[in-house]
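Sequential numbering from 73 applies to the sequence shown in this note's numbering.
Even for Gly, the Cβ is constructed at its ideal location relative to N, Cα and C.
Just so we're clear, the structure is a prediction, and the values are computed from it rather than from any experiment.
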Amino acid sequence: MKANTRQVRVVGNYIAGFAAQYTEKTSKLNPRRRSVVWMYNKGGVATVVAKLLRAEFARLGYANSVSVTGGQYVRVIADLA
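Encoded structure:
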């Protein structure tokens, strides 16, 4: 089961803290699919946050994909709430 965008934000803000955050459409084929993205300027922070988010989503039983892009963006794939 995947967490929706609201659930991702709640878990993510608890783990990620205060960072620039936005939601973007990720697929033209699936209008309900979104990415919740956090941006960090310091190198290495995004990797640590992604690792913590993966562990927390696994602990909660969610199967959301968490990735780091560009070394500073943490991206979580979710369904629109």
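Neighbourhood of residue i by C-beta, 7 Å cutoff - its chain only, sequence neighbours within 5 removed
i: E128; result: V83 and I87
i: V91; result: Per the sequence shown, the amino acid found at residue 91 is Ala instead of Val. Cβ within range, chain order: W110, M111 and Y112.
Neighbourhood of residue i by C-beta, 6 Å cutoff - its chain only, sequence neighbours within 5 removed
i: D151; result: K74, N76 and R104
i: S139; result: R147
i: L124; result: I87
i: T119; result: V140
CA-to-CA distance, residue j to residue i, given in whole angstroms
i: R126; j: Q144; result: 16 Å
i: N136; j: V121; result: 15 Å
i: S107; j: G133; result: 19 Å
i: R81; j: A130; result: 16 Å
i: G142; j: I149; result: 16 Å
i: V117; j: E96; result: 21 Å
Selection from the options that minimises the alpha carbon distance to residue i
i: Y94; options: V117, L101 and R78; result: R78
Buried or exposed (CB count within 10 angstroms, at least 16 for buried), residue i
i: A153; result: exposed
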